[in-house]
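To start, the structure under review is shown below, and the notes come after it.
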Amino acid sequence: MGMALRDGERAGMEFPPATAAAPTVGELFRGFLLLGLTGFGGVLPLARDMLVERRRWLSGPEFTELLGLCQFLPGGNIINVATAVGMNFRGIPGAFAALIGLIAAPTAIVIALGAIYARFQSDPHVVHMFAGLAAAAAGLLVSLAIKIALPLRRRPIAIGIAVICLIAIAFLQWPLVPIMLVLAPISIVLTKRMGI
Amino acid sequence: MNSTLTALAIMFTQLSLVAFGGGNTILPEMHRQVTDVHQWLTDADFAALFALAQAAPGPNMMVVPLIGWHVAGLSGMLVSTVAIFGPSSILTAFALRLWRRFKGNPWRQAVQAGLVPVSVGLVAASAVLIVQAADHTWVLVAISAAVALVATRTRIHPLWLLAAGAAIGWSGFGQ
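Keeping their order, the protein sequence lines are chains A and B. Each step along the first sequence adds one to the number in the working numbering, with nothing skipped, and position 47 is 47. Whatever position you read off the second sequence (first residue = 1), add 1000 for the working numbering.
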């Protein structure tokens, strides 16, 4: 995984190092704090911009491989990216700095918005505004579902698995864990066997 | 109070470890637990909190600290935040070392590819449930449909679409 390879002792990884020096714990915190503050409507595109192009902590291929790992693991992709980047450069303190930096400001903002909602929820304008906001947020989620479903359109078995999953969760309202435990292995085996 | 915090911790720890494909995949289970199993929030409250979290900057799991805060105040927020981000992050830290060992292994690719249809189904289910929770009038349905269309077909910043939805809502039109 070639991320933190600025010095000889950690050498032997696949990628040439990015050009900047390895960030300190403070720099990791500040970098991810800014990322959390500016990442409206999705942090991931901005994360690449910060890590690869602006601060040059990672090269492009390093970022892509790191993201691949983070998508494969449970948890928010960008949360895992922050943990992995922090861990690679500065070990556990680095992971904490990056993670806390990333979620500190958004948490404060979201709680402030929640307090405004709780305070004014008897005002019909505010109620209607939040209803409109919720409808728009739902529309964004529909759009995301469409975008990630499109690459499956010529893969009938993959579509079948996605539809079964959709029906089980959204319409039958079955619990997630047993569904994952059954569907994920089936999907993995079918993918391996049939190359769907 | 203590049992509420324990329930929050257990629920979000489980969700943290099954969130394959990111935060949106666990939304239906979070919705089921919060509104149905524990009955901490109504459907409409859940949709409103989700919308608040979407309007704020940052990772798409910011609805979790907000739910924690709504259910059990500051301690609820802290417990929920640690429970949702902690376990998956610890797993990531460990996996980082194993990852290189499995590089190029065909099973690694199969696992990665095989999880895609499941994540697609989970995100689609999230979309269905959130639309059901959020859209009570034809105007709200129209807002969701228009936002979905524009966000899919253009590269406009999502914040503009959220602002437009909030503005139409504020006007009270059709409500």
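Glycine included, every Cβ here is placed at the ideal spot set by N, Cα and C. From a predicted model like this one, the values you see are computed outputs, not experimental measurements.
**Request:** Using a Cβ-Cβ cut-off of 8 Å, state whether P16(A) counts as contacting chain B.
**Result:** Legend: pLDDT at P16(A) = 49, less than 50; position of this residue unreliable, value from coordinates given subsequently. It does not: the Cβ of P16(A) has no partner Cβ on chain B nearer than 8 Å.
**Item:** Collapsed DSSP secondary structure at P1057(B) in the structure displayed
**Value:** coil
**Asked** Is the CB of L1122(B) under 8 Å away from at least one CB in chain A?
**Response** yes
**Under 8 Å between C-beta atoms of I103(A) and G1058(B)** = yes
**Top-ranked residue by Cα proximity to A134(A), from G1114(B), L1162(B), S1126(B) and T1154(B)** = L1162(B)
**Within the segment 1068-1156 of chain B, ranges of the alpha helix (DSSP H) (whole runs, at least 4 residues)** = 1106-1134 and 1138-1153
**Request:** Please confirm if T64(A) has its CB atom under 8 Å from at least one CB of chain B.
**Result:** Taking CB atoms only, T64(A) has no neighbour in chain B less than 8 Å away.
**Message:** Starting from M180(A), trace the alpha helix (DSSP H) in both directions and tell me its first and last residue.
**Reply:** L176 to M194
**Request:** List the residues of chain A that I1168(B) touches, going by C-beta distances under 7 Å, in chain order.
**Result:** Correct list: G132.
**Message:** Just to confirm, is the Cβ distance from L28(A) to G75(A) under 8 Å?
**Reply:** no
**Item:** Short Cβ contact (8 Å threshold) for V1064(B) with T1081(B)
**Value:** yes
**Request:** Look up P23(A) in the DSSP assignment and say whether it is helix, strand or coil.
**Result:** coil
**Message:** To the nearest angstrom, how far is the alpha carbon of M1011(B) from that of V1116(B)?
**Reply:** 24 Å
**Cα-Cα separation between Q1039(B) and Q173(A), rounded to whole angstroms** = CA-CA distance, Q1039(B) to Q173(A), rounds to 15 Å.
**Message:** Between L1159(B) and the ligand ADP, is there a pair consisting of the residue's CB and a ligand heavy atom that are separated by less than 7 Å?
**Reply:** The ligand ADP is absent from the structure shown, which contains no ligand whatsoever.
**Message:** Along the chain, where does the alpha helix (DSSP H) containing L67(A) start, and where does it finish?
**Reply:** Element bounds for L67(A): G60 to F72.
**Listed by chain order, chain A residues near I1130(B) by CB distance under 9 Å** = A134, A137, A138, L141 and V142
**Message:** Check this for me: beta carbons of M1061(B) and I79(A), under 8 Å apart or not?
**Reply:** yes
**Prompt:** How would you write the range of the alpha helix (DSSP H) that E53(A) sits in, first residue to last?
**Reply:** Element bounds for E53(A): n/a, residue is neither H nor E.
**Asked** Would you say R1155(B) faces chain A, with C-beta separation under 8 Å as the test?
**Response** no
**Asked** So, is E65(A) buried or exposed, given that buried needs 16 or more other C-beta atoms within 10 angstroms?
**Response** buried
**Asked** Quick one: which chain A residues come within Cβ less than 8 Å of V1118(B)?
**Response** I161, A162, C165, M180, L183, A184 and S187
**Item:** From V1120(B), Q1054(B), L1005(B) and L1098(B), residue whose alpha carbon lies closest to that of V1079(B)
**Value:** L1005(B)
**Asked** What is the DSSP secondary structure of F1173(B), reduced to helix, strand or coil?
**Response** coil
**Item:** T1183(B), buried or exposed, once every other Cβ within 10 Å from all chains shown has been counted against 16
**Value:** Nothing about residue 1183(B) can be read from this structure; chain B reaches only from 1001 to 1175.
**Asked** Cβ of A1056(B) within 8 Å of Cβ of V43(A)?
**Response** no
**Request:** Give the interface partners of M87(A) over in chain B, defined as CB-CB distance under 7 Å, in chain order.
**Result:** A1093 and L1096
**Asked** For T38(A), which residues in chain B fall below 8 Å Cβ to Cβ?
**Response** Within chain B, P1057 have C-beta atoms less than 8 Å from the C-beta of T38(A), given in sequence order.
**Message:** Can you check which of these residues, K192(A), R193(A), I169(A) and S187(A), is closest to Q1033(B) by C-alpha distance?
**Reply:** I169(A)
**Request:** Helix, strand or coil for L1161(B), going by three-state DSSP, please let me know.
**Result:** If DSSP states are grouped into helix, strand and coil, L1161(B) belongs with the helices.
**Asked** Is the shortest distance between the beta-carbon of I1010(B) and the beta-carbons of chain A less than 8 Å?
**Response** no
**Message:** Between the alpha carbons of I1143(B) and N88(A), how many angstroms are there, rounded?
**Reply:** 43 Å
**Item:** Cβ contact check for the segment 1012-1021 of chain B and the segment 1127-1147 of chain B: 3 or more pairs under 8 Å
**Value:** no
**Message:** Cβ closer than 7 Å: which chain E residues qualify as neighbours of T1035(B)?
**Reply:** Note that chain E does not occur in the displayed structure, where the protein chains are A and B.
**Asked** Quick one: does M129(A) have its CB under 8 Å from some CB of chain B?
**Response** yes
**Message:** Any C-beta of chain B within less than 9 Å: which residues of the segment 111-127 of chain A qualify?
**Reply:** I111, A112, L113, G114, A115, I116, Y117, A118, Q121, P124, H125, V126 and V127
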